[in-house]
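Structure record follows, encoded as structure tokens.
In our numbering, the protein residues as written are 341 to 686.
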């Protein structure tokens, strides 16, 4: 049996549109908040039974067509020797950021089972507990997004240090991106072997780049990550970044099986730019889920109608679900999408 979402990733005919939601396991759910009261965030990620419990919460509550493992893109960097904490009100902090070539030379090789064994074990637990029809996502940060966190020491608005390394010291940039691509490939392969039957590469910050910079300094590494992961696992690969609608043809060149769209572009327009020989994922504005139900329904229907019943559409939000989203709205959205049939279908 091939799961519905996996068939959609491969643009095979499906009986209905599959749906999952980025950040579907999170603070908007009361059951998640109850777990969070007992554990710090990294503690939750690093305890396989807790991570598995949280991963399964939205599946048990809403019945999405895929679960995504509860993890974070940054803990694998600890395996390179970077020191990570999550600070209240500040988010992730890298306490020994990469600033000079010697910092790059000092990075250790990444060993998935030794560094990220907790996530791999959580994947095994979840896969055993999931319904057979439900897909399981693993994921990684993309090389550029990991580099930007490692260089800036946390989040950034301008990514000044990151861009200056690209421009001023391209050799160091190449060395760093090569090491981070090695990490991404090893991590994704390990997740597939642990039970993930689809993996997503999050390039959260690549929208800060110009198209030319993305093509020169980032795209070759994403292409290698996609190609090597596919060759080793055969699982579908999703590539997603935000605020990248000015470079969609470049994203097509990543080679990913599924390309994400955020809410800043109509799904029909984005898919046309990508080409219909690739699947798409998206793209409801997550803030919409705070609106009255008739407005949510209208906007979800518009997205489904733009997909027009074409094979290869996975319904999702255009970024993660935001805090305080009403749980009943998530439940109704999942039910609506799973029961919707495009009027043009036979």
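Quick reminder that beta carbons are idealized off the backbone N, C-alpha and C, glycines included.
Of the candidates 536, 611, 554 and 562, the residue whose Cα lies closest to the Cα of residue 575 is 536.
Excluding sequence positions up to five before and after residue 441, its CB lies within less than 6 Å of the CB of 512, all in the same chain and listed in chain order. In this structure, the straight-line span from the alpha carbon of residue 609 to that of residue 590 is close to 15 Å. The three-state reading of DSSP puts residue 457 in helix, counting H, G and I together. Looking at the backbone, the Cα of residue 680 and that of residue 546 are separated by about 33 Å. Residue state for residue 410 is assigned as coil, using DSSP reduced to three classes. Non-local C-beta neighbours of residue 583 in its own chain, meaning closer than 7 Å and more than five positions away in sequence, comprise 547, 602 and 604, ordered along the chain.
With respect to the C-alpha of residue 543, the residue from 527, 578 and 514 having the closest C-alpha is 578. A direct Cα-Cα distance of roughly 12 Å separates residue 485 from residue 516. Using a Cβ-Cβ distance cut-off of 8 Å, the stretch 345-354 and the stretch 644-656 are in contact, since at least three pairs of beta carbons, one from each stretch, lie closer than that value. Burial check for residue 492: the Cβ neighbour count within 10 Å reaches 16 or more, so the residue is buried. Sequence-distant Cβ neighbours of residue 549 in its own chain, meaning closer than 7 Å and more than five residues away, are 558.
Beyond the five residues adjoining it in sequence on each side, residue 528 comes within less than 7 Å, by CB distance, of 478, 480, 539 and 569 in the same chain, given in chain order.
Judged by DSSP secondary structure, residue 579 falls outside any alpha helix (DSSP H) and instead within the beta strand (DSSP E) spanning 577-581. Around the beta carbon of residue 659, 16 or more other beta carbons lie within 10 angstroms, which makes this residue buried. Residue 378 sits exposed, since fewer than 16 C-beta atoms from the chains shown fall within 10 Å of its C-beta. In this structure, residue 371 places its C-beta atom within 8 Å of the C-beta atom of residue 397.
With respect to the 8 Å criterion, residue 628 and residue 636 are classified as neighbours on the basis of their beta carbons. Look at residue 427 here: in three-state DSSP terms it is strand.
Between residue 622 and residue 600, the C-beta gap is smaller than 8 Å, which places the two residues in contact. CA-CA distance, residue 408 to residue 657, rounds to 14 Å.
The alpha carbon of residue 347 has as its nearest neighbour, out of 416, 405 and 641, the alpha carbon of 405. DSSP, read as helix, strand or coil, puts residue 438 in coil.
Of all alpha-carbon atoms in 467, 562, 496 and 495, the one lying nearest the alpha-carbon of residue 514 is that of 562. For residue 471, the three-state secondary structure derived from DSSP is coil. Taking all protein chains shown into account, residue 508 has fewer than 16 neighbouring C-beta atoms within 10 Å of its C-beta and is therefore exposed. Around the beta carbon of residue 393, 16 or more other beta carbons sit within 10 angstroms, so the residue counts as buried.
Within the same chain, and ignoring the five residues on either side of residue 630 in sequence, no residue has its Cβ closer than 6 Å to its Cβ. Taking C-beta atoms under 8 Å as the contact rule, residue 395 and residue 466 qualify, at a distance of about 5 Å.
Boundaries around residue 345 are those of the alpha helix (DSSP H), 344-349, since no beta strand (DSSP E) includes it.
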